[in-house]
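Engineer:
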Amino acid sequence: MLNRFYHFHDISEPLDGKAGAGIPVAHLVDARDSESSRQLLGHHYSAEGNYPFCIALRDPGSASPEIVRHLLLFFFHPQYERSEQGKPLFLCGMGAEETEVQDYLRDFFAAQRLTVEVTPMSSLDPADIYPGDGASLRSRDPLFFSTAVENVRLRSECNRLIAAQTALQEEIGILKELLQLSGKHDEVSEILRFYRNEYEILPLWYKRAGHVLKVIMGKRSFRSLYDKTKKKYRD
Amino acid sequence: MPPFEYAILYHNFYDLAGIADIRGRIAALRDRRIMLLCSLPEKFAACAPHQQDDEKFVIMRNIGKDIGGKLILIHLLLTLYSEIPYCIFLHDKRSYQKQSGQFEKDGLYKILEPPAFRRIAEAFRTDPHLGIACAKGFLKNEYLGNGRFATPNSQLLGVLTAKYNIHPPGFGFVAGTMFWIRTSLLRGFFRDGLAPEVRTTLETGNVLDHEHGTVTHCWERLLSWIATSAGFKIKEFSC
Chain A
1 MLNRFYHFHD ISEPLDGKAG AGIPVAHLVD ARDSESSRQL LGHHYSAEGN YPFCIALRDP
61 GSASPEIVRH LLLFFFHPQY ERSEQGKPLF LCGMGAEETE VQDYLRDFFA AQRLTVEVTP
121 MSSLDPADIY PGDGASLRSR DPLFFSTAVE NVRLRSECNR LIAAQTALQE EIGILKELLQ
181 LSGKHDEVSE ILRFYRNEYE ILPLWYKRAG HVLKVIMGKR SFRSLYDKTK KKYRD
Chain B
1001 MPPFEYAILY HNFYDLAGIA DIRGRIAALR DRRIMLLCSL PEKFAACAPH QQDDEKFVIM
1061 RNIGKDIGGK LILIHLLLTL YSEIPYCIFL HDKRSYQKQS GQFEKDGLYK ILEPPAFRRI
1121 AEAFRTDPHL GIACAKGFLK NEYLGNGRFA TPNSQLLGVL TAKYNIHPPG FGFVAGTMFW
1181 IRTSLLRGFF RDGLAPEVRT TLETGNVLDH EHGTVTHCWE RLLSWIATSA GFKIKEFSC
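Put into structure tokens, the structure is as follows:
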């Protein structure tokens, strides 16, 4: 089976054209180096950072709270890679048996109402990891490359449509609820009642004096006092 | 390139045309250095605009309506751009439950119109005690005395002000959550990643407070009280 595959990029090294080669970049982040992860965050939230990527965290057991807070902002990035279930992909540099760390990370992100697909790096299929540049893979095995790219594209399009359907259903629900509420709450009657009590019940001579006062204050045009075709108020 | 002076924290839920609208409003401000930070729901994941030097986008689930989006944008602002001195909260308010929704939105958006923008920017520069600026008519106060408020959120407000140690001298707040605020106030309050932590406490989906109080609607008030409890004032600007 063809899997997703990535360029692995150690963030202490230059990107060297890995970005934009048609293969998502998995940035290898050291869990103790919060400054580098902040710089990477700045890179992705800039004009140069518009390419698909995910985070692979080395030694997640020693992740500082600051790193975990940075991770959150990566996951909210529109170009962050998602699994087939639409969850942000998150690779951890640990063995599959380190379930405690996986559980900790899952719980942390669940508290953010963010379901993250935590994948131990050791469980990746070797076909997932691609250290070279996209051009050489394309020339060496063009059929594999194009099939894999198309496979990933179609799966992500499918996920996107499912997510969009869910979001639109939620929006329909919201609009229905708001319109129902609008029907219950007669705002027009409330405004008319307010208008009657605050203005209409005043004596006519007082209201007319009020209109003259508006002209003096520059809130109403003078000609509109005697010419109904003239515009009364500025928009 | 001169540094950014203002950050607009904008939650766009309904339609991507909202972003074009905000871009138009920013363009009308001409020579101002403004960064747009925008949160979008997941339905826009595939068509989200690209990151630019002056535009940043995040995609997230609908949690806590615009307040949830603004909290993540605050987190982004404080993590990467905390040196921008002023920020402006906005969202694409629709209020389908009220005929006056558009009228209210037009009033709230006046803080971004060039004449008001100039006056507010000048007021922030000259008055060091000014913490929040909003459009005239949106500063509300529901306090009844004895720790009670004229809103279904009353009880919850008591709990949350104690939990987050927010004790303002008065209880005026900007209804609609569209206002200018000094970034230093957000930096002082939302330390150590508090903004995303608060977001985890907000309700999901559509959140209304006409019958029961909600944490989301409490934060509509608490965001203003962050400034007043730090000794700063809120001022309305007629536009």
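Chains A and B, in that order, are what the protein sequence lines are.
Reminder that position 33 of the first sequence reads as 33 in my numbering, one-by-one numbering, no gaps.
Counting from 1 along the second sequence, just add 1000 to a position and that's the residue number in my numbering.
Virtual Cβ for every residue (Gly too), placed ideally from N, Cα, C.
Apart from the five residues on each side of it in sequence, which residues of its chain come closer than 6 Å, Cβ to Cβ, to B/Asp1066?
Structural biologist: The residue given as residue 1066 of chain B occupies position 66 in the second sequence. So the qualifying residues of the chain are His1011 and His1091.
Engineer: Going by C-alpha to C-alpha distance, which of B/Phe1089, B/Val1215 and B/Ile1084 sits closest to B/Val1159?
Structural biologist: The count along the second sequence starts at 1 and reaches residue 1159 of chain B at position 159. For B/Val1159, the nearest C-alpha among the options comes from B/Val1215.
Engineer: Name the DSSP beta bridge partners of A/Val118, please?
Structural biologist: Here residue 118 of chain A refers to the residue found at position 118 of the first sequence. According to DSSP, A/Val118 bridges with A/Phe90.
Engineer: In angstroms with no decimal places, state the Cα-to-Cα distance between B/Ala1175 and B/Lys1163.
Structural biologist: Position 175 of the second sequence, counted from the first residue, corresponds to residue 1175 of chain B. Position 163 of the second sequence, counted from the first residue, corresponds to residue 1163 of chain B. Straight-line Cα distance between these residues: approximately 22 Å.
Engineer: Less than 9 Å separating the beta-carbons of A/Leu41 and A/His70?
Structural biologist: Reading the first sequence from its first residue, position 41 is the one you call residue 41 of chain A. Reading the first sequence from its first residue, position 70 is the one you call residue 70 of chain A. Result yes, Cβ atoms of A/Leu41 and A/His70 sit closer than 9 Å.
Engineer: Thinking just about the alpha-carbon of each residue, which of B/Glu1220, B/Ile1166, B/Ser1238 and B/Gly1064 is nearest to the one in B/Pro1041?
Structural biologist: As a working note, residue 1041 of chain B is residue 41 in the second sequence. Out of B/Glu1220, B/Ile1166, B/Ser1238 and B/Gly1064, B/Gly1064 has the C-alpha closest to the C-alpha of B/Pro1041.
Engineer: Please specify which runs of the beta strand (DSSP E), each continuous and at least 3 residues long, are wholly inside the stretch 1108-1138 of chain B, giving them in chain order.
Structural biologist: As far as the stretch 1108-1138 of chain B is concerned, its whole beta strand (DSSP E) runs of at least 3 residues are 1130-1135.
Engineer: Report yes or no: do the stretch 198-218 of chain A and the stretch 1078-1091 of chain B share at least 3 C-beta pairs separated by less than 8 Å?
Structural biologist: Result no; under three Cβ-Cβ pairs closer than 8 Å.
Engineer: Residues in the stretch 1054-1075 of chain B with C-beta within 8 Å of chain A's C-beta atoms, listed in sequence order?
Structural biologist: If the cut-off is 8 Å between Cβ atoms, the stretch 1054-1075 of chain B has Lys1056, Phe1057, Val1058, Ile1059, Met1060, Arg1061, Asn1062, Ile1063, Ile1072 and His1075 near chain A.
Engineer: Are the C-beta atoms of A/Pro52 and some chain B residue less than 9 Å apart?
Structural biologist: Counted from its first residue, the first sequence places residue 52 of chain A at position 52. No - not a single Cβ of chain B is within 9 Å of the one on A/Pro52.
Engineer: If we cut at 9 Å on Cβ distances, does A/Ser218 have a partner in chain B?
Structural biologist: Residue mapping note: residue 218 of chain A aligns to position 218 of the first sequence, counting from 1. The sequence as given places Gly at residue 218 of chain A; Ser does not occur at that position. For A/Gly218, the answer is no, since every Cβ of chain B falls outside 9 Å of its Cβ.
Engineer: Which residue wins for smallest C-alpha separation from B/Arg1221, given the options B/Arg1030, B/Glu1142, B/Gly1147 and B/Gln1051?
Structural biologist: Working through the second sequence from its first residue, we reach residue 1221 of chain B at position 221. Closest option to B/Arg1221, Cα to Cα, is B/Glu1142.
Engineer: Express the C-alpha separation of A/His27 and A/Arg106 in angstroms, rounding to a whole number.
Structural biologist: The residue given as residue 106 of chain A occupies position 106 in the first sequence. The residue given as residue 27 of chain A occupies position 27 in the first sequence. Near 20 Å, if we compare the C-alpha coordinates of A/His27 and A/Arg106.
Engineer: In this structure, does DSSP put B/Gly1145 in helix, strand or coil?
Structural biologist: Sequence index remark: in the second sequence, residue 1145 of chain B carries index 145 (1-based). Residue state, collapsed to three classes: strand.
Engineer: With DSSP as the reference, label A/Ile23 as helix, strand or coil.
Structural biologist: On the first sequence, position 23 is the one that residue 23 of chain A refers to. The answer is coil: DSSP assigns A/Ile23 none of H, G, I, E or B.
Engineer: Between A/His77 and chain B, is any beta-carbon pair separated by less than 9 Å?
Structural biologist: Mapped onto the first sequence, residue 77 of chain A falls at position 77. Interface residue, yes.
Engineer: Excluding the 5 residues preceding and the 5 following B/Leu1009 in the sequence, name in chain order all residues of the same chain whose CB lies nearer than 6 Å to its CB.
Structural biologist: Taking the first residue of the second sequence as 1, we reach residue 1009 of chain B at position 9. Taken in chain order, the residues that qualify are Leu1037, Lys1070, Leu1073, Cys1087 and Phe1089.
Engineer: CB-CB under 8 Å to B/Thr1177, same chain, minus the five flanking residues each way: which ones, in chain order?
Structural biologist: Working through the second sequence from its first residue, we reach residue 1177 of chain B at position 177. Hits under 8 Å: Asp1066, Ile1067, Lys1070, Phe1089, His1091, Glu1220 and Leu1223.
Engineer: Using the Cβ count rule (16 or more neighbours within 10 Å means buried), how would you classify A/Cys158?
Structural biologist: Sequence index remark: in the first sequence, residue 158 of chain A carries index 158 (1-based). Exposed: under 16 other Cβ atoms inside 10 Å.
Engineer: Starting from the Cα of B/Glu1197, find the closest Cα among A/Phe109, A/Ala164 and A/Arg223 and give me that residue.
Structural biologist: Position 197 of the second sequence holds residue 1197 of chain B. If we check each option's Cα against that of B/Glu1197, A/Phe109 comes out closest.
Engineer: Would you kindly work out how many angstroms separate the C-alpha atoms of B/Phe1189 and B/Gly1131, rounded to a whole number?
Structural biologist: To locate residue 1189 of chain B, count along the second sequence from 1; it is residue 189. To locate residue 1131 of chain B, count along the second sequence from 1; it is residue 131. Their Cα atoms are separated by approximately 13 Å.
Engineer: Under the DSSP definition of a beta bridge, which residues are partnered with B/Leu1219?
Structural biologist: Translated into positions along the second sequence, residue 1219 of chain B becomes position 219. At residue 1219 of chain B the sequence reads Trp, which differs from the Leu that was named. DSSP lists no partner for B/Trp1219.
Engineer: Taking the C-alpha atoms as reference points, what is the distance between B/Ile1034 and B/Trp1225?
Structural biologist: Indexing the second sequence from 1 puts residue 1034 of chain B at position 34. Indexing the second sequence from 1 puts residue 1225 of chain B at position 225. Answer to the nearest angstrom: the Cα atoms are 25 Å apart.
Engineer: Measuring only the C-alpha atoms, how far is A/Leu154 from B/Pro1152?
Structural biologist: Along the first sequence, read from residue 1 onward, the residue named residue 154 of chain A stands at position 154. Along the second sequence, read from residue 1 onward, the residue named residue 1152 of chain B stands at position 152. Distance between the alpha carbons of A/Leu154 and B/Pro1152: 48 Å.
Engineer: Does DSSP put B/His1075 in a helix, a strand or coil?
Structural biologist: Stepping through the second sequence from its first residue, residue 1075 of chain B is reached at position 75. Of the three classes helix, strand and coil, the one that applies to B/His1075 here is helix, per DSSP.
Engineer: Provide the residue span of the beta strand (DSSP E) that contains B/Arg1182, from first to last.
Structural biologist: Position 182 of the second sequence, counting from 1, holds the residue named residue 1182 of chain B. Unbroken beta strand (DSSP E) run through B/Arg1182: Trp1180 to Arg1182.
Engineer: Give me, in chain order, the residues of the same chain whose beta-carbon lies closer than 7 Å to that of B/Gly1147; leave out the 5 immediate sequence neighbours on both sides.
Structural biologist: Residue 1147 of chain B sits at position 147 when you count from the first residue of the second sequence. For B/Gly1147, where only same-chain residues beyond five positions count, the Cβ hits under 7 Å are Gly1158.
Engineer: Along the stretch 155-166 of chain A, where does the CB come closer than 7 Å to a CB of chain B? Name the residues.
Structural biologist: Listed in sequence order: Arg160, Ala163 and Ala164.
Engineer: Rounded C-beta distance between A/Thr119 and A/Leu89? I'm assuming under 8 Å.
Structural biologist: In the first sequence, the residue the question calls residue 119 of chain A occupies position 119. In the first sequence, the residue the question calls residue 89 of chain A occupies position 89. Contact holds; Cβ gap of about 7 Å.
Engineer: Can you tell me which residues form a DSSP beta bridge with B/Ser1039?
Structural biologist: To locate residue 1039 of chain B, count along the second sequence from 1; it is residue 39. B/Ser1039 is bridged to B/His1011 and B/Val1058.
Engineer: Which one or two residues does DSSP pair with B/Gly1172 in a beta bridge?
Structural biologist: For the purposes of this step, residue 1172 of chain B is taken as residue 172 along the second sequence, with counting starting at 1. BP columns for B/Gly1172 point to B/Asn1141.
Engineer: Using CA atoms only, rank isn't needed, just tell me which of A/Val29, A/His43 and A/Pro52 is closest to A/Ile67.
Structural biologist: Locating residue 67 of chain A in the first sequence gives position 67, counting from the first residue. Here the closest residue by C-alpha is A/Val29.
Engineer: Classify A/Leu179 as helix, strand or coil using the three-state DSSP reduction.
Structural biologist: For the purposes of this step, residue 179 of chain A is taken as the residue at position 179 of the first sequence. Helix at A/Leu179.
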